[in-house]
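Student:
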Amino acid sequence: MTTFPLYLCPLIPLGAALMQLLLRGRTRAQNVVAVVSTGLLMVVGVTLVAYVKTHGQVVLDIGDWTAPVGIRLQADMLSALMVAITGVIGFCGALHSLPETSESDMKRGYHVIYQFLLFGVCGSFLTNDLFNLYVWFEVMLLSSFVLLAIGRGKAQLEGAVKYVVLNIVASMIFLIGAGLVYATLGTLNFSDIAHRIAEGQGSAAGIRVAAVFLLIAFSVKAGLFPLYAWLPSSYHTPSHTVSAVFAGLLTKVGVYALIRTFGAAFAAEDGFVLPVLWVVSLATMVVGVLGAASQFHVRKILSFHIISQIGYMTFGLALGTAGAIAAAIFYVIHHIIVKTNLFFAASVIDRIGGGEDLKKTGGLYGKAPWLAVLFLIPALSLGGIPPFSGFWAKLALLREILGVDAWVAASIALIVGIFTLFSMTKIWAEAFWKDRPDTAAAPRRIYAGHVVPMVLLAVGTVALSIYPTYLFELAEIAANDLLKPPVR
Numbered sequence: 002m003t004t005f006p007l008y009l010c011p012l013i014p015l016g017a018a019l020m021q022l023l024l025r026g027r028t029r030a031q032n033v034v035a036v037v038s039t040g041l042l043m044v045v046g047v048t049l050v051a052y053v054k055t056h057g058q059v060v061l062d063i064g065d066w067t068a069p070v071g072i073r074l075q076a077d078m079l080s081a082l083m084v085a086i087t088g089v090i091g092f093c094g095a096l097h098s099l100p101e102t103s104e105s106d107m108k109r110g111y112h113v114i115y116q117f118l119l120f121g122v123c124g125s126f127l128t129n130d131l132f133n134l135y136v137w138f139e140v141m142l143l144s145s146f147v148l149l150a151i152g153r154g155k156a157q158l159e160g161a162v163k164y165v166v167l168n169i170v171a172s173m174i175f176l177i178g179a180g181l182v183y184a185t186l187g188t189l190n191f192s193d194i195a196h197r198i199a200e201g202q203g204s205a206a207g208i209r210v211a212a213v214f215l216l217i218a219f220s221v222k223a224g225l226f227p228l229y230a231w232l233p234s235s236y237h238t239p240s241h242t243v244s245a246v247f248a249g250l251l252t253k254v255g256v257y258a259l260i261r262t263f264g265a266a267f268a269a270e271d272g273f274v275l276p277v278l279w280v281v282s283l284a285t286m287v288v289g290v291l292g293a294a295s296q297f298h299v300r301k302i303l304s305f306h307i308i309s310q311i312g313y314m315t316f317g318l319a320l321g322t323a324g325a326i327a328a329a330i331f332y333v334i335h336h337i338i339v340k341t342n343l344f345f346a347a348s349v350i351d352r353i354g355g356g357e358d359l360k361k362t363g364g365l366y367g368k369a370p371w372l373a374v375l376f377l378i379p380a381l382s383l384g385g386i387p388p389f390s391g392f393w394a395k396l397a398l399l400r401e402i403l404g405v406d407a408w409v410a411a412s413i414a415l416i417v418g419i420f421t422l423f424s425m426t427k428i429w430a431e432a433f434w435k436d437r438p439d440t441a442a443a444p445r446r447i448y449a450g451h452v453v454p455m456v457l458l459a460v461g462t463v464a465l466s467i468y469p470t471y472l473f474e475l476a477e478i479a480a481n482d483l484l485k486p487p488v489r
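Residue numbering for the sequence shown follows the numbering used here, beginning at 2 and increasing consecutively.
1. First and last residue of the beta strand (DSSP E) that includes residue 490?
2. Spatial neighbours of residue 174 within its chain, please: CB distance less than 7 Å, with the 5 preceding and 5 following residues excluded, ordered by chain position.
3. Report the three-state DSSP secondary structure of residue 97 (helix, strand or coil).
4. Could you check which residue in 81, 320, 89 and 476 has the C-alpha nearest to that of residue 455?
5. By DSSP, does residue 242 sit in helix, in strand, or in coil?
6. Pick out whichever of 336, 353 and 56 has its Cα sitting closest to the Cα of residue 444.
7. Hey, which unbroken runs of the alpha helix (DSSP H) at 4 residues or more fall wholly within the segment 122-180?
8. Relative to the alpha-carbon of residue 133, which residue among 108, 147, 180 and 163 has its alpha-carbon at the smallest distance?
9. If you follow the beta strand (DSSP E) that residue 62 is in, where does it begin and where does it stop?
10. Count the other CB atoms, across all protein chains shown, that sit within 10 Å of the CB of residue 231; report buried if there are 16 or more and exposed otherwise.
11. Spatial neighbours of residue 483 within its chain, please: CB distance less than 6 Å, with the 5 preceding and 5 following residues excluded, ordered by chain position.
12. Roughly how many whole angstroms lie between the Cα atoms of residue 377 and residue 433?
13. I need the straight-line Cα distance from residue 56 to residue 479, nearest angstrom please.
14. If we ignore side chains and look at the alpha-carbon of each, how far apart do residue 481 and residue 54 end up?
15. Among 294, 328, 241 and 356, whose alpha-carbon lies nearest the alpha-carbon of residue 343?
16. Of the choices 58, 86, 273 and 333, whose alpha-carbon is the least far from that of residue 74?
17. Taking the continuous alpha helix (DSSP H) assigned at residue 51, which residues delimit it?
18. Please list, in chain order, all residues of the same chain as residue 379 whose beta carbon is under 8 Å from its beta carbon, the five residues on each side excluded.
19. Looking at residue 6 and residue 127, is the spacing between their C-beta atoms short of 9 Å?
20. Under 6 Å Cβ to Cβ from residue 109, same chain only, skipping five residues before and after it: list those, please.
21. Determine the burial state of residue 1: buried for a count of at least 16 other Cβ atoms within 10 Å of its Cβ, exposed for fewer.
22. Looking at C-alpha atoms only, which residue of 35, 286, 267 and 413 is the closest neighbour of residue 223?
23. Does residue 187 pass the burial test, meaning 16 or more other C-beta atoms within 10 Å, or should it be called exposed?
24. Would a C-beta distance cut-off of 9 Å place residue 320 and residue 279 closer than the cut-off?
25. Among the candidates 119, 306 and 93, whose CA atom is the shortest distance from the CA of residue 451?
26. In this structure, does DSSP put residue 406 in helix, strand or coil?
27. Taking the C-alpha atoms as reference points, what is the distance between residue 114 and residue 41?
28. What is the rounded straight-line gap between the Cα of residue 22 and the Cα of residue 312?
29. What is the rounded straight-line gap between the Cα of residue 52 and the Cα of residue 267?
30. Just the C-alpha distance for residue 165 and residue 256, rounded to the nearest angstrom, thanks.
31. Look up residue 3 in the DSSP assignment and say whether it is helix, strand or coil.
32. Just verifying my parser: in three-state terms, what is the DSSP assignment at residue 436?
33. For the alpha helix (DSSP H) holding residue 366, just list the boundary residues, first then last.
34. Let me make sure I understand the geometry here. Which of 394, 298, 335 and 417 has the alpha-carbon closest to that of residue 431?
35. What would DSSP say about residue 237, mapped onto helix, strand or coil?
36. Do residue 288 and residue 229 have their beta-carbon atoms positioned less than 9 Å apart in this structure?
The structure is reproduced here in structure tokens:
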């Protein structure tokens, strides 16, 4: 039992969504609720990390029905870190939406759906049950589809349709996989699954088939090769706020599900999944970075880089050691901060530079040197340039790769890092360094809501860069918790 009010994590965005419904038509009040509620979620998430570090994992059985029969919310260090970073990104996204969201979009329910999205994300990170993870995924899917579709552009609607169709297919595969787990092991609780597999219960063939279905479903959610097509087709189409929050959080829910399922619940299965994930992760790195190198639209470049960087995270899981999983967790947190900030930077490039087509913009270094600084911090971090956080993330992962003498994998990771830096320098050269072309659209006004989130996330990146050891310590706790025999 615990005294930490774990129910607050999903309850805050749910309560905020209901308040936004009651405040429909009152723009200023809705904006205040959006900022205050996400700020409160951020504070609760950070407090949860501190509590778990001091007291250990937090368990909440809904309605006093204990697991595996009842619905259990459970926060170990991995869950706590993910809820905390969800609060940070949710807060920054709420700030960024203040000048970005039109009154017509607010009337369509933008703020309500945004809170439901955070509700689904928090629930996904806290559930201890495969079926309930499916339910939280569906809350996220419905919310994200609406956020993608809000607007009137044809490209936006096409992107939303591609996104939802492929993700619905993944959800069906997920549900089949969960059904196979229950048919084979008689439980859907993560802790029970781990115990029963470790004790040799259920048929090995049944467990393997279920694992394949879950691997496919979570690979779609994470954007792994070859199941990533929905991501670059959709992430550049909605508002910049929606793109940024999606880029930071949604694929990481898929990565989290892979880590939670195959790093803990299925950790004792016969070793079929991790070798497959090894190959898929390397392919994801390469395909993603080559896709980015071929693009000249800022958000399309950044979208392909999401795919590429996901490969690094899942490769840490594929290695299977505590150190590699800790490196993957550090990589996830670093990437959420950096990638969200780069999408915020794309928003300002669009407004000041007159668009996101790199061939039609330029001169931003002279026009907005402050933007150049705020872009360079996450860009250099994404490229793995020392001493930024991306360097520490890649260094930790490379150390684990070389620890198992995987020289080919290490070479691929390094080469992909070089191409990542190339893509960032392409944005710099075209948008910031070259002269502004005569065909560039007229600049638009920049508001504090555009700049403040970038500053906050840049400060977070710098803090991680200067003092990465604290997050590494938390990541190691999270990895060790995953690999321990689970608590029923």
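Glycine is no exception: its CB is placed at the ideal position from the N, C-alpha and C atoms.
Bear in mind that the values here come from a model prediction, so they are computed numbers and not experimental data.
Tutor: In this structure, then:
1. It is not possible to answer for residue 490, since the shown part of the chain is limited to 2 through 489.
2. 214, 217 and 218
3. helix
4. 89
5. helix
6. 353
7. 131-150
8. 180
9. 59-62
10. buried
11. 264 and 265
12. 11 Å
13. 14 Å
14. 13 Å
15. 241
16. 58
17. 28-56
18. 338, 339, 340, 342, 343, 346, 458, 459 and 462
19. no
20. 151
21. Past the edges of the chain, shown from 2 to 489, lies residue 1, and the structure says nothing about it.
22. 286
23. exposed
24. yes
25. 93
26. coil
27. 18 Å
28. 39 Å
29. 27 Å
30. 19 Å
31. Low per-residue confidence applies at residue 3: pLDDT is 48, beneath 50, and the placement is therefore not dependable, though the value from the model is reported in the following sentence. Three-state DSSP puts residue 3 in coil, outside helix and strand.
32. coil
33. 365-368
34. 298
35. coil
36. yes
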